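Q: Numbering (the numbering used here), first residue to last: 142 to 496.
Okay, here's the structure, questions in a sec.
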């Protein structure tokens, strides 16, 4: 039955990355049917995230190699599979819902799809994100919030991440684009999602993003931070991508914001502190905070609710009196991200209990 193949597809996607949990309303099936036909779904189920050449897929499925190659390429162009080109070799692999299927629709986003995604996030996916303790995206400080005497690891430095990438692409933010299509956008910059290496090349080949230099990437990052976006690379020391997120639109940051104690589920090594004597009570930091972590006390000075602070540093750069600073977490609270994207996915899978 057709319905069965899409349920099987949902269950397969639920094994990857953050998962793709079922809901009572079956909105996830409606999303899949808007993207895949039955033939697409069947071929996807023959694939795994381990990339392979069409000939290997054809041999395993017993189908003509030319037909398989054509279908794989068509699905990759529509953002239903990942593709890696190297010389004459072309390989394809299955993708997660996030990062993958959702973001790869960036050039096809319309109001109907964005509304379905919004419904799906509200019904189940926000909970799936929150349950992973920041193993998908992590929060690192904005550049100007770190004082020189605090030595920062390269994986905590957004500029160094950009400078070390061999290939960079920038794309529109799928989350903010979806909100804009529903007339509920926040108005913050749209072209702020960075991809690196083979992921960057895939984005450029598919017209989902454009290739840029490290210098341009740094300028885009700086603008994003100045407009109040939180810097969130993938939770790996050598990330495949880096997002610039807001608490209003972002699926990941939005899920963290909905938690009663965001600091407990975010992957971050910093928290903000206020020098009460230096604070002038201007309240500039309140609007800047994406987590609603700052309040004004009876004495008219800012206070940080550490249970909500994710250590992004936006409040530091907003304070004209320089009364706010970031403190590095210590001991078991300091987290070192997995070395590679592969290790990140393995760690995430173990956390979710799928391996």
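Glycine residues also receive a C-beta, built at the ideal position from the N, C-alpha and C atoms.
All figures in this text were calculated on a predicted structure; none of them were measured in a lab.
What residues match up with residue 231 in a beta bridge as DSSP calls it?
A: 226
Q: Is the beta carbon of residue 309 closer than 8 Å to that of residue 332?
A: For residue 332 and residue 309, no; Cβs fall outside 8 Å.
Q: Look up residue 328 in the DSSP assignment and say whether it is helix, strand or coil.
A: coil
Q: Go ahead and label residue 205 buried or exposed: buried means 16 or more other beta carbons lie within 10 angstroms of its beta carbon, across all protein chains shown.
A: Residue environment for residue 205: exposed (fewer than 16 other C-beta atoms within 10 angstroms of its C-beta).
Q: Can you tell me which of the three DSSP states residue 352 falls into?
A: Assigned with DSSP and collapsed to three states, residue 352 falls in strand.
Q: I'd like the list of long-range same chain contacts for residue 379, defined as Cβ closer than 6 Å, with 5 residues on each side in sequence excluded.
A: 481
Q: What residue from 269, 453, 271, 370 has the CA that sits closest to residue 389's CA?
A: 370
Q: Between which residues of its own chain and residue 175 is the CB-CB distance below 8 Å, once the five residues before and five after are set aside?
A: 253, 254, 257
Q: If we count Cβ pairs, one from each stretch, closer than 8 Å, do we get three or more for the region 440 to 459 versus the region 266 to 273?
A: The answer is no - the region 266 to 273 does not touch the region 440 to 459, with fewer than three Cβ pairs under 8 Å.
Q: Closer than 8 Å by C-beta to residue 218: which residues in its own chain qualify, once you throw out the five before and the five after it? Chain order, please.
A: 347
Q: Any contact between the region 231 to 250 and the region 182 to 200? By contact I mean 3 or more CB pairs, one from each, below 8 Å.
A: Segments in contact, yes.
Q: Contact check, residue 153 vs residue 170 under 8 Å by CB: the rounded distance?
A: About 13 Å; that fails the 8 Å criterion.
Q: Secondary structure at residue 374, three-state DSSP: helix, strand or coil?
A: The answer is strand: DSSP assigns residue 374 an E or B state.
Q: Counting Cβ pairs, one atom from each stretch, are 3 or more of them under 8 Å apart for the region 332 to 345 and the region 213 to 228?
A: yes
Q: For residue 189, which of 491, 213, 479 has the nearest alpha-carbon?
A: 213
Q: Compare the C-alpha of residue 260 against each of 299, 284, 167, 199 and name the closest.
A: 167
Q: In terms of DSSP beta bridges, what is residue 412 paired with?
A: Beta-bridge pairing links residue 412 to 468.
Q: Measure the CB-CB distance between residue 454 and residue 411 and report whether it falls below 8 Å.
A: yes
Q: Whole angstroms are fine: how far does the CA of residue 469 sit from the CA of residue 158?
A: 28 Å
Q: Could you give the distance in angstroms between the alpha-carbon of residue 328 and the alpha-carbon of residue 203?
A: As the crow flies, the alpha-carbon of residue 328 is around 50 Å from that of residue 203.
Q: Could you pull the DSSP bridge partners for residue 404 from this structure?
A: Residue pairing of residue 404 in beta bridges, as defined by DSSP: absent, with no partner found.
Q: At what residue ranges does the region 145 to 207 contain a whole run of the alpha helix (DSSP H), taking only runs of 4 or more?
A: Complete alpha helix (DSSP H) runs here, min 4: 168 to 176, 179 to 186, 195 to 202.
Q: Tell me the rounded alpha-carbon separation between residue 192 and residue 201.
A: In this structure, the straight-line span from the alpha carbon of residue 192 to that of residue 201 is close to 14 Å.
Q: Do residue 273 and residue 451 have their C-beta atoms within less than 8 Å of each other?
A: no
Q: Going by C-alpha distance, which of 313, 325, 465 is nearest residue 350?
A: 313
Q: From residue 87 to residue 430, what does the alpha carbon distance come to, in whole angstroms?
A: Residue 87 is absent from the structure shown; the chain starts at 142 and stops at 496.
Q: Please determine, among 423, 245, 295, the residue with the shortest C-alpha to C-alpha distance to residue 316.
A: Ranking the options by Cα distance to residue 316, first place goes to 245.
Q: Let me check understanding here. Comparing Cα to Cα, which of 422, 413, 383 lies closest to residue 458?
A: 413
Q: Alpha carbon to alpha carbon, how far is residue 399 from residue 276?
A: 17 Å
Q: The beta strand (DSSP E) spanning residue 444 covers which residue range?
A: 443 to 445
Q: Among the candidates 356, 230, 484, whose CA atom is the shortest distance from the CA of residue 300?
A: 356
Q: Helix, strand or coil for residue 333, going by three-state DSSP, please let me know.
A: Strand, per DSSP.
Q: Determine the DSSP secondary structure at residue 312, reduced to helix, strand or coil.
A: Residue state, collapsed to three classes: strand.
Q: Alpha carbon to alpha carbon, how far is residue 330 from residue 199?
A: 43 Å
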